[in-house]
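Q:
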Amino acid sequence: METLEQIKARVEAAVPGAKLEIVLNAAPCAQHSLRVDNANALAAARFLRDDPQLRFDYASNVTGVDWPDAVVQETKLVKQVVNGVERDVERTFETKTPGCLEVVYHLYSMELRHGPVILRLRTNDRADRNHVPSLTPVWRGAEFQEREAYDLFGIVFDGHPDLRRILMWDEFMDFPMRKDYVGPDDYEWEPTPHDEVLVKAKRHQPQAREVEE
Amino acid sequence: MDEGLKSELRKQGVFVTTLEELYNWGRQNSLWPLGFGLACCAIEMIAASMARWDLARFGAEVFRPSPRQADLMIVAGTVTKKMAPQVVRLYNQMPEPKYVIAMGACAISGGPFKQGYNVLKGIDRYIPVDVHIPGCPPRPEALLHAFMTLQRQIGEQTLRGADRPRHLVAEAPSEFPIPQFGAHDLVPPNNPAVWQPPARVGKN
Chain A
7 METLEQIKAR
17 VEAAVPGAKL
27 EIVLNAAPCA
37 QHSLRVDNAN
47 ALAAARFLRD
57 DPQLRFDYAS
67 NVTGVDWPDA
77 VVQETKLVKQ
87 VVNGVERDVE
97 RTFETKTPGC
107 LEVVYHLYSM
117 ELRHGPVILR
127 LRTNDRADRN
137 HVPSLTPVWR
147 GAEFQEREAY
157 DLFGIVFDGH
167 PDLRRILMWD
177 EFMDFPMRKD
187 YVGPDDYEWE
197 PTPHDEVLVK
207 AKRHQPQARE
217 VEE
Chain B
753 MDEGLKSELR
763 KQGVFVTTLE
773 ELYNWGRQNS
783 LWPLGFGLAC
793 CAIEMIAASM
803 ARWDLARFGA
813 EVFRPSPRQA
823 DLMIVAGTVT
833 KKMAPQVVRL
843 YNQMPEPKYV
853 IAMGACAISG
863 GPFKQGYNVL
873 KGIDRYIPVD
883 VHIPGCPPRP
893 EALLHAFMTL
903 QRQIGEQTLR
913 GADRPRHLVA
923 EAPSEFPIPQ
933 FGAHDLVPPN
943 NPAVWQPPAR
953 VGKN
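Protein chains in written order, with this note's numbering: chain A, 7 to 219; chain B, 753 to 956.
1. Touching or not, the stretch 60 to 71 of chain A and the stretch 89 to 96 of chain A, by the rule of three or more beta carbon pairs under 8 Å?
2. Check whether the Cβ atoms of L60/A and L40/A sit closer than 8 Å, and answer yes or no.
3. Look at the Cβ atom of L127/A, then the Cβ atom of L54/A, and state whether they are nearer than 8 Å.
4. Give me, in chain order, the residues of the same chain whose beta-carbon lies closer than 7 Å to that of M248/A; leave out the 5 immediate sequence neighbours on both sides.
5. Cβ closer than 7 Å: which chain B residues qualify as neighbours of E177/A?
6. How about Y156/A: is its C-beta nearer than 8 Å to some C-beta of chain B?
7. Check whether the stretch 817 to 828 of chain B touches the stretch 779 to 793 of chain B, counting contact only when three or more Cβ pairs, one atom from each stretch, lie closer than 8 Å.
8. Below 8 Å on C-beta distance, what does P880/B contact in chain E?
9. Quick one: is G863/B buried, meaning 16 or more other Cβ sit within 10 Å of its Cβ, or exposed?
10. Tell me which same chain residues have a C-beta within less than 8 Å of the C-beta of H38/A, skipping the five on either side of it?
11. Could you tell me how far apart the beta carbons of T103/A and V138/A are, in whole angstroms, since I believe they sit closer than 8 Å?
12. Nearest-angstrom Cα distance between A799/B and A45/A?
13. Output yes or no for whether 8 Å exceeds the beta carbon distance between P890/B and C793/B.
14. Give me the subset of the stretch 181 to 202 of chain A whose CB atoms are less than 8 Å from a CB atom of chain B, sorted by chain position.
15. Leaving out five residues before and five after R16/A in sequence, what residues of the same chain have Cβ atoms less than 6 Å from its Cβ?
16. Tell me C106/A's beta-bridge partners as DSSP assigns them.
17. Closest Cβ-Cβ distance between P174/A and chain B: below 8 Å?
18. DSSP beta-bridge partners for M7/A?
19. Quick check on the burial criterion: 16 or more other C-beta atoms within 10 angstroms. Buried or exposed for C888/B?
20. Could you please give the first and the last residue of the uninterrupted alpha helix (DSSP H) stretch that includes I795/B?
21. List the endpoints of the continuous alpha helix (DSSP H) containing L902/B.
22. What are the start and end residues of the beta strand (DSSP E) that includes P851/B?
23. Between which residues of its own chain and E813/B is the CB-CB distance below 6 Å, once the five residues before and five after are set aside?
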């Protein structure tokens with residue numbers, strides 16, 4: 007199989023205007039991935055499927071990732087003039103990274119027996135600009151998995167033939183796999199709760215039901 | 753009637769019984785389970801009904817495909833919140849007298865999924881359960897033990913008085929409200945007439 011750099015170059019050559027980025031994976035598996043811009047994702051996916059050297063005809067896995075808004079604190083030494091003398095002073099810088107939602111596709115080629123190539127799509131934010139193009143027109147098998155990502159992460163797939171919730175019921179409003187999801191408070195009734203669970207348990211139980219040891 | 757006298761009479765060829773005993777004997781030896789399973793516990797339930805463990809010895813070999821013909825609901829497996837209304841509806845469709853065995857950690861408490869958002873923390877929040885079996889999954893022997901426990905419970909019931917079985921109490925409900933799908937959880941999250949959160953121990 008071609009390297010990720012070669013694939014990136016060929017996709018960019020084949021799909022004019024496509025902006026691809028290699029996302030490095032620092033883990034020992036070193037499974038790097040390709041991030042594609044939303045506007046050209048469908049064309050890039052078609053190229054990956056149809057190119058005779060690549061032939062990624064099988065999307066084995068589609069999943070979502072939630073990246074909440076993050077504030078990264080960094081401490082740096084900065085030169086500053088204190089009492090007329092220039093000194094190194096420690097200062098903390100905050101970098102705000104806006105959150106987003108990501109879809110990850112794992113692609114294999116059944117025909118040429120290679121893979122995986124990992125494709126990532128990113129939404130603009132986590133609130134209302136949470137759209138990515140659906141790749142179900144390219145890989146039919148992605149349909150239910152994209153529905154699952156829609157159900158659990160709230161990623162809206164434009165161009166999906168049947169975008170409905172698949173695991174939770176239709177009336178459900180939340181997205182349970184998001185990092186900021188707070189589940190229904192219905193399991194803390196232990197006989198001897200303590201700490202956080204005790205606070206929750208107290209909220210549930212009227213004082214009259216309290217039993218002394 | 754005195755047990756000793758009854759035994760003496762039986763030796764002489766006189767069989768004495770009471771209507772209550774006869775009635776309970778009939779009920780406890782023809783428990784027809786509803787043939788439905790929800791997860792891996794159902795595999796153990798199937799094993800219990802096959803030749804090796806042979807549930808037929810207890811008069812319970814006829815797994816009925818319709819709730820209208822079933823007496824016993826074995827809630828075998830994880831009850832997800834999406835499935836819970838259907839389980840309650842199946843229970844409501846069974847005619848009285850009816851019994852419930854909650855089989856396995858999930859059916860009695862949510863089991864390993866207790867802290868999840870999508871699993872009901874025990875079917876006893878919506879319908880009355882007669883026998884709970886712990887285990888993940890319980891072995892077929894545990895299900896047989898639950899059967900025998902249920903049979904003993906039925907055999908000990910009196911047909912009159914305050915503690916008579918539910919189906920002989922005219923005002924006792926035989927159907928229970930089916931929970932609705934809400935925006936965040938099932939509505940209501942439990943049936944207060946059947947289940948209340950357990951009391952907290954200690955004053956802390």
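The beta-carbon is built from N, C-alpha and C at its ideal position, and this holds for glycine as well.
A: Let's see:
1. no
2. no
3. no
4. Because chain A spans 7 through 219 in this model, residue 248/A falls outside it and cannot be assessed.
5. F933, G934 and A935
6. Closer than 8 Å: no.
7. yes
8. Of the protein chains in this structure, namely A and B, none is chain E.
9. buried
10. L10, I28, V29, L30, N31 and I124
11. About 19 Å; that fails the 8 Å criterion.
12. When rounded, the distance between both Cα atoms is 55 Å.
13. yes
14. P182, Y187, G189, P190, D192, Y193, W195, P197, T198, P199 and H200
15. none
16. W73/A
17. Per the sequence presented here, residue 174/A reads as Met, with Pro not at that position. Yes - at least one Cβ of chain B is within 8 Å of the one on M174/A.
18. DSSP output for M7/A lists no bridge partner at all.
19. C888/B should be labelled exposed.
20. C793 to S801
21. In this chain, the alpha helix (DSSP H) harbouring L902/B covers P892 to G907.
22. The question names Pro, yet the displayed sequence has Tyr at residue 851/B. In the DSSP annotation of this structure, the continuous segment of the beta strand (DSSP E) that includes Y851/B starts and ends at Y851 to M855.
23. L807
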